[in-house]
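Residue 837 in UniProt numbering sits at position 837 of the sequence shown, with consecutive numbering throughout.
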Amino acid sequence: MSSSRGTALFSSFRSSQRSAPLSVSDEELIFSQASSSAAKFYGNSNAENTARLDESLVELIRYISNIEKAARLSLNNRHIKELLGYTPYILQASTTSANTRSRFYRLLFNIAHYNVPIRRYMACDLELCGPIFHCLKISLREELGPQNLIDILRVIQVLTYEKTVALASWTNELISFLISEVNREPEAEWLPYCVAILCNLATRSKSACNRIKKSSTYKTFCKRTKDLLLHDSRIIVVSCLVLIGYLEEVLRDMVYCPQNVEQTFKCVFNVLIQGDDDCLMTRQIAADLLRRLIVSANSDTPSISSVPTLATTGKDILNYGYFTNFIQETANLLVILNPRLEEATKIYDLFLSFCSLQILRPHVCQAIIRCQPSEARLTTPILAVLNAARMSSYEAINGEVPLKALKLLAYLLSEIVEPNEKIVPHIPIELIVELVRECVSTEIDLKKDNVDICCRRSQLGLRLAEVCARDEDIRSHLLEICSARLCSNIANYQFHQNPVVMYLTKPPLQRTETLESWSMSGISIVLELCRLLAVLKDHSRMHKEQYWQLLKDERLIPFLAYAISYGDHETVLYAFKTYSHCAQVHAFQTHLLAEMVASCTLERRNPLNGITASSKTTPCSSQEEKYSGERLSHPRAEHDERSVKALDELLRKVSIEGCNLKDTKTSELFAAFERKIELLQARERDLESLVRAKDEALAQSEKLRIQYKNGVGAANFGSDLEISKVRSVMQECEELRDQNQKLSAFLETAKHDNEVKLQALRDELRRSTLECERLRVENQSNQKLVDSYTISCDELKKKLETASASVFEHQQRSNLFEREKSDLAAQLQVVKCEADRVIKTNEAEIHNLNSKIAQQAANIEAFSHENKDIRRQFDEKLLECETVKEQLAMLENQYNSKDKELASVRQQMLNIEQRLVAKEREYNAAVKEISLYEEKLSLKEREGADRLAEIRMLKQDLENRTKELTKLEKLRVAMLSLAANSTD
């Protein structure tokens, strides 16, 4: 009864939160018209183009305002990117009217408010904050009114919320304006936006904090911030709490001291729960502040790892009586809010950060689990989490939302089953079973862009199955869903497709490629699979066999080595737990695992590989700064002398020697420049702290000198030696101050040079991105070609039997070719002999003719010499000569005919040779084809043998099953007879 009721409630909840689909055609058409109008206005800003642009913007604003806020836009629409690309130029153009700019403010705000990827693109890639601040100055100069100013400020607030927002010279002017507006009396109606923007800048940039502290009205601003803590606006209160944590030390010590931090937590929780409809991003800022106050990514206490720990300000959070109640009220927001919204995502992040702490996890999870439905809200938070986890990537729009819900659901169910409680009272069995089935059967297509999300969904699905397998009511369903065959397919797919195996089998110096981002997620899938099989092996023989088979597989070793070397603390923990299972196998190659882990260590020692090592592991998490007495500084960089020298050498080759950028990956060069900038910043911080200490010493010495000069404390300075020490300290401070000025100038120059180099690298990165896109398209076409080849291979396999039958025919044809070849060779020999005989005969005849010609020539010469003597016989001899000439002509004709016969014989010989060569080629092709068919036939025979062996095994299994069935039938008959006897 309760199960059906929960299913009905769950279905109604999902249907209530399902968003209406966007009309893609309308969206394409409207954005296409707007981008076309913007392009025409960019080319020529005449009155006609201005009117057309204004009309397009009005239609676009109306369209975006009417669609559901959870149905977000996408950067995949090229018209959106084109329109946003023209926006900076249009906003800064002198010919743009105030009305056009005002429409752009509304459009940018409507797009950036709920579309987080587009907001990040606008803030980071397009750097829209600079042009919008330019519009702010125009609005102030031309006095366009308070509404225009509010429209500009709320766009800046949305964009500056992004952690990677690009700051520039406009930041200083904006900070000065914001501080003046905060200090303004009476307060302006745009005060909430000013305070929120200052909060965003202080959170995201240390230089912005320093700029605020250097303001001439900083003391007034601090006093004003303290007074604003009593303001009615929640966004102002929570933003001031953030500013106090980053700026004012005295006020921070008062607000976040152990005596007052309880009230501070209560205030922030109230802001998070109630929100603020009059202003923007109140819940987001409150959630971020709570995470920093309670969870510390890097504790102040000495630690050997970066595991999240409980912050100093949150050490007594469990002792506050309202903590459980506030957790439950915050969890109720998961029911009220649409899970696609950024506010809901922030709440998921908050709960996951709480659950990452072992000390908080039981209390937070139990508070969420104990939330009961009410008359106004029938759905519980745990069902809302299940609803979010069941959403597909397409339905959720942001693929991270279901993953976070899955992870939180695993924490919640783990707290239920650990004390041997049942999941059924909280979640219906059919819903949790269906969720596990959807996750573990997620299709992983390496050609798609969401492959990493699919891998993580499969990983978290296996984790959820491992948790639910401890519940007896669900275990039987899981044995069917997560069958041994499915587990085997999951493991084999990762072993074959994950590049980690091939990567770690190479020497460390040859590991130059960057692994895909999904590789670590694929490793986590195998680790979670081992944990699941370890639970199911005690309840299924087939799962037990698969468990031991997986542990004995040598391909598991590279997965463990990579997870230990590059994984986060959770992945490393699971890897060691898996190794503890592998240690049960006596043949497990622990030495190979040690060698692979050591090779990863050697790889990290390579400076260039060390730079890219972080990109090959898990994605970098966003650095959250915390409050625990003092503001968190950046992580301390390792000052390895060899790495620094290698880094300087690489940068010198690129900047001075003109090193070819194609010789090194753009990402590696970009990481190298970032590493150099980080080292320079660390050096700058060290120098600043040193100069600060010297300034304090100088001030103290100056104070003591004045006291000594006025006669106060002269007894303490009676010694000339102490006076000389003070003077030497003063001189040293002056030298250090000069050195600091020189270093500051050098750092400014280095920063400028690095910015230029980084811009060049960004250009190269864009070109590389385009090249990668081209290669991706080419790869897709190649993949299609491979698919066609695969289909052809399948057809060839189907025709294998026919080909096998035709092998004998080809063999006969080959024998026929052999006989024809021998016959042609004999004919060729006969023709050659005949040609030789004809040639010899012709040569003899030609020789005779030549001799006769020579003789006749001699006779003619004799006749010419004896002309005078035989004049009378001339006529007779003349007739005789004519006869001889006719004979010569006949001989020449015979010679020409013999020559033609010889040419024809030679042509016949060439034709015969060509036929012989063609026959030889056909013979070779036939031999190759016969060998190919023989190989395929042998392969088919091996496959047939394997199939026969498998059939024998299946027959043996069938016989065993038949015997067991016979035994069971006999047992059933015996039991029936026994029951009949007992009845009698």
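Think of the CB as a built atom: it goes at the ideal place given N, C-alpha and C, for glycine as much as any other residue.
Residue i by DSSP, collapsed to three states: which one?
{"i": "S788", "result": "helix"}
{"i": "L217", "result": "The sequence shown places Thr at residue 217, not Leu. In this structure, T217 counts as coil in the three-state DSSP scheme."}
{"i": "L406", "result": "helix"}
{"i": "L241", "result": "helix"}
{"i": "V295", "result": "strand"}
{"i": "L310", "result": "strand"}
{"i": "N338", "result": "coil"}
{"i": "I752", "result": "The identity of residue 752 in the sequence shown is His, whereas the question assumes Ile. In this structure, H752 counts as helix in the three-state DSSP scheme."}
{"i": "D300", "result": "Since pLDDT at D300 reaches only 43, below the 50 mark, its modelled position is unreliable, and the value read off the structure follows with that caveat. D300: coil per DSSP, three-state reduction."}
{"i": "Q471", "result": "In the sequence as presented, Gln is not what sits at residue 471; that position holds Asp. DSSP places D471 in coil when its eight states are reduced to three."}
{"i": "residue 1023", "result": "Since the first and last residues shown for the chain are 1 and 984, residue 1023 lies out of range."}
{"i": "C487", "result": "helix"}
{"i": "M391", "result": "coil"}
{"i": "G567", "result": "coil"}
{"i": "L159", "result": "helix"}
{"i": "V436", "result": "helix"}
{"i": "T203", "result": "helix"}
{"i": "P131", "result": "helix"}
{"i": "K506", "result": "coil"}
{"i": "N893", "result": "helix"}
{"i": "F495", "result": "helix"}
How would you label residue i, buried or exposed, when you count the other beta carbons within 10 angstroms and need 16 or more for buried?
{"i": "A598", "result": "exposed"}
{"i": "P419", "result": "exposed"}
{"i": "D763", "result": "exposed"}
{"i": "N115", "result": "buried"}
{"i": "L201", "result": "buried"}
{"i": "L879", "result": "exposed"}
{"i": "L241", "result": "buried"}
{"i": "R78", "result": "exposed"}
{"i": "V830", "result": "exposed"}
{"i": "H543", "result": "buried"}
{"i": "T50", "result": "buried"}
{"i": "G314", "result": "buried"}
Candidates the options: which alpha carbon is nearest residue i's?
{"i": "L828", "options": "I791, D787, E913 and N815", "result": "E913"}
{"i": "I273", "options": "N740, I525, F323 and L251", "result": "F323"}
{"i": "M520", "options": "E513, N498 and V535", "result": "N498"}
{"i": "N270", "options": "E400, R252 and F326", "result": "F326"}
{"i": "E820", "options": "N46, R915 and K900", "result": "R915"}
{"i": "S180", "options": "D946, L198, A926 and A38", "result": "L198"}
{"i": "E187", "options": "I212, S216, F109 and S233", "result": "S233"}
{"i": "I853", "options": "K885, A826 and I481", "result": "K885"}
{"i": "G461", "options": "D449, L509 and V526", "result": "V526"}
{"i": "Y42", "options": "T87, I67, Q33 and L75", "result": "T87"}
{"i": "T203", "options": "I244, A168, L230 and I432", "result": "I244"}
Apart from the five residues on each side of it in sequence, which residues of its chain come closer than 8 Å, Cβ to Cβ, to residue i?
{"i": "L136", "result": "L149, I152, L153, I156, L174 and F177"}
For residue i, collect the residues of the same chain with a Cβ closer than 6 Å to its Cβ; drop the 5 residues on either side in sequence, then sort them by chain order.
{"i": "L144", "result": "A98"}
{"i": "R475", "result": "A469"}
{"i": "F354", "result": "L360 and V364"}
Near residue i, which residues of its chain fall below 7 Å by C-beta distance, leaving aside the five closest residues on each side in sequence?
{"i": "residue 1061", "result": "Lying before the first or after the last residue shown, residue 1061 is absent from the chain, which here runs from 1 to 984."}
{"i": "L290", "result": "V268, L272 and L350"}
{"i": "C530", "result": "L550, T578 and H581"}
{"i": "E59", "result": "I30"}
Alpha carbon to alpha carbon, how far is residue i from residue j?
{"i": "L403", "j": "R283", "result": "21 Å"}
{"i": "S540", "j": "L479", "result": "8 Å"}
{"i": "E434", "j": "A196", "result": "43 Å"}
{"i": "N917", "j": "D823", "result": "Checking the sequence, you will find Val at residue 917 rather than Asn. Cα-Cα distance, rounded: 14 Å."}
{"i": "residue 990", "j": "V572", "result": "In the structure as shown, the chain starts at 1 and stops at 984, and residue 990 therefore has no counterpart that could be examined."}
{"i": "N338", "j": "L378", "result": "16 Å"}
{"i": "E778", "j": "T514", "result": "20 Å"}
{"i": "G85", "j": "L108", "result": "12 Å"}
{"i": "A583", "j": "D957", "result": "32 Å"}
{"i": "S393", "j": "I490", "result": "21 Å"}
{"i": "E969", "j": "V451", "result": "50 Å"}
So with Cβ pairs under 8 Å, would you call residue i a contact of chain D?
{"i": "R184", "result": "Of the protein chains in this structure there is only one, and it is not chain D."}
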